[in-house]
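In order, the protein sequences belong to chains A and B. Just so we're aligned, residue 1 is where the first sequence starts under the numbering used here, counting upward by one. Just so we're aligned, residue 1001 is where the second sequence starts under the numbering used here, counting upward by one. All residues carry an ideal CB built from backbone N, CA and C; glycine is no exception. From a predicted model like this one, the values you see are computed outputs, not experimental measurements. Following: one structure in C-alpha cells, then a few remarks.
There are 2 protein chains.
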Amino acid sequence: MIRDGDTRVLQPIGTIRTAFSRKEDAPAQGALRPEGVGTIEVLPEYIDALDSVDTFSHLILLYALDRPESVQMRPVPLLGDSPTGLFATRHPARPNGIGLTVVSLLAREGATLTVGMVDMLDQTPLLDIKPYVPTFDAFPEASEGWFAGCRDRAATPGRA
Amino acid sequence: MIRDGDTRVLQPIGTIRTAFSRKEDAPAQGALRPEGVGTIEVLPEYIDALDSVDTFSHLILLYALDRPESVQMRPVPLLGDSPTGLFATRHPARPNGIGLTVVSLLAREGATLTVGMVDMLDQTPLLDIKPYVPTFDAFPEASEGWFAGCRDRAATPGRA
Chain A
1 MIRDGDTRVL QPIGTIRTAF SRKEDAPAQG ALRPEGVGTI EVLPEYIDAL DSVDTFSHLI
61 LLYALDRPES VQMRPVPLLG DSPTGLFATR HPARPNGIGL TVVSLLAREG ATLTVGMVDM
121 LDQTPLLDIK PYVPTFDAFP EASEGWFAGC RDRAATPGRA
Chain B
1001 MIRDGDTRVL QPIGTIRTAF SRKEDAPAQG ALRPEGVGTI EVLPEYIDAL DSVDTFSHLI
1061 LLYALDRPES VQMRPVPLLG DSPTGLFATR HPARPNGIGL TVVSLLAREG ATLTVGMVDM
1121 LDQTPLLDIK PYVPTFDAFP EASEGWFAGC RDRAATPGRA
C-alpha cells in the first residue's frame, strides 16, 4: 500500500481469469452457482506468500471492481426489486470499488490457483488473498436480511 | 474509486472507533473476543447508503491497515509460531493493506453503528461495509488450515 496523505493507492497482486466477460454472464454471487471455476494468476514476486495456502479449503478474495457504473446511494440490487441502501447490498458500484468473494480452493500449481464459486469478470485485478477461517468468518446463524429467499431467484436467466 | 492507470486510489467512507489504541491491546481476530464493542462513524454523505443495514445481524467491514509494518512474504503470524506464507495468514502487513473483519451489528443511530467482535485499532479508516449473508459467506465446513487449535491460544495475555 502506498500512502499519499489521506488517500491510499492500490496495485494488483495478480489477475483473476473466469469465463465471464460480460456482467450479464456472471452469477450475482459465486455461492449461487458453485460449479463456476476460475483461475487466479498471482504475480511471480508473491509466490513465497502463497506457502501454506493449500492447507485451506476456502479463500477470501478481494479484488478491484474495475468496470464500474456510477455509484448510487440506493441502487436496485441484482437480487432485489427495489432501491436499497448501498451498504446493505453487494452491488458492484460502490465507493472504493473493492469486491469480496469466498471461493473454494480446488488446486494450486506454482503461482496459479484454481478456484470454485467464482463470480468475478474475466481479467479482474486481484488485490488480496486471505485464508477463510470458520472460527473468524463463518456465522451460519447470522440474519439473511432482505436477501432471505433470494436463492429462489438463482435460476433467473442471465443473473444466477 | 478513482482510477489512475493501473493503480486505484481509496478514500475513507468513515472512521472506526475502538478501545484499542495499540496493537498489543487488540485481539488477533474479533471473533476470539466477541465482547469487544466499537463504533463506526460513517461520513454524512453516505447516510442514505445505510438504509436497510439494520436488517442484518452481521456486517463485513473492509478498512485500511494504516499503521503498517513492512510487508514480508513469510511473516510469523500473530496466532502461530513459524513463518507462514502471507496469503495463508491474516497478518496486517500485506500488499494493499486492506483489513477485513466480520462484526455483529448491535445498534444503528443515524450514521453511527455500534458493532461487536471488533479487532481494529482506534481511528482506523473505513473503506466499505457489506452485508454478511450466510448463503454467500458462511461455510462452517471449511478447513481451518494451520489455524486449527488457535482458539486455545486466545487466552494468551496481550494477544487474544
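{"Item": "Proximity test, Cβ basis, 8 Å: B/Gly1036 and chain A", "Value": "no"}
{"Item": "A/Glu244 (DSSP reduced to helix, strand or coil)", "Value": "Because chain A spans 1 through 160 in this model, residue 244 of chain A falls outside it and cannot be assessed."}
{"Item": "Neighbour flag for A/Tyr46 against chain B, beta carbons, 8 Å", "Value": "yes"}
{"Item": "Touching by the beta-carbon criterion (3+ pairs, under 8 Å), the segment 88-108 of chain A and the segment 60-73 of chain A", "Value": "yes"}
{"Item": "Near the ligand GTP: B/Met1120 beta-carbon under 7 Å from a heavy atom", "Value": "This structure simply doesn't include the ligand GTP, nor any ligand for that matter."}
{"Item": "CA-to-CA distance, A/Pro27 to A/Ala155, given in whole angstroms", "Value": "For A/Ala155, the predicted structure reports a pLDDT of 45, less than 50, and the residue's modelled location is therefore unreliable. A value from the coordinates is still provided. Straight-line Cα distance between these residues: approximately 10 Å."}
{"Item": "Listed by chain order, chain A residues near B/Tyr1132 by CB distance under 8 Å", "Value": "Phe139 and Ala142"}
{"Item": "Straight-line gap, A/Ala142 to B/Leu1105 (C-alpha atoms, nearest Å)", "Value": "10 Å"}
{"Item": "Cβ-based burial, B/Pro1034 [other Cβ within 10 Å; buried from 16]", "Value": "exposed"}
{"Item": "Nearest candidate by alpha-carbon position, reference A/Leu86, set B/Ile1016, B/Leu1010 and B/Lys1130", "Value": "B/Lys1130"}
{"Item": "Residue-level contact to chain B via CB, A/Asp81, 8 Å cutoff", "Value": "no"}
{"Item": "Whole-Å CB distance - B/Leu1050 paired with B/Val1037, under 8 Å assumed", "Value": "That belief does not hold up - the Cβ atoms of B/Leu1050 and B/Val1037 are roughly 19 Å apart, past 8 Å."}
{"Item": "Neighbour list for B/Pro1027 in chain A, Cβ cutoff strictly below 8 Å", "Value": "Within 8 Å Cβ-Cβ: nothing; B/Pro1027 doesn't reach chain A, min ~10 Å."}
{"Item": "Unbroken beta strand (DSSP E) run spanning A/Thr15, endpoints", "Value": "Gly14 to Arg17"}
{"Item": "Selected residue, minimal CA-CA separation from B/Ser1021, among B/Phe1139, B/Ala1138, B/Met1120 and B/Leu1127", "Value": "B/Met1120"}
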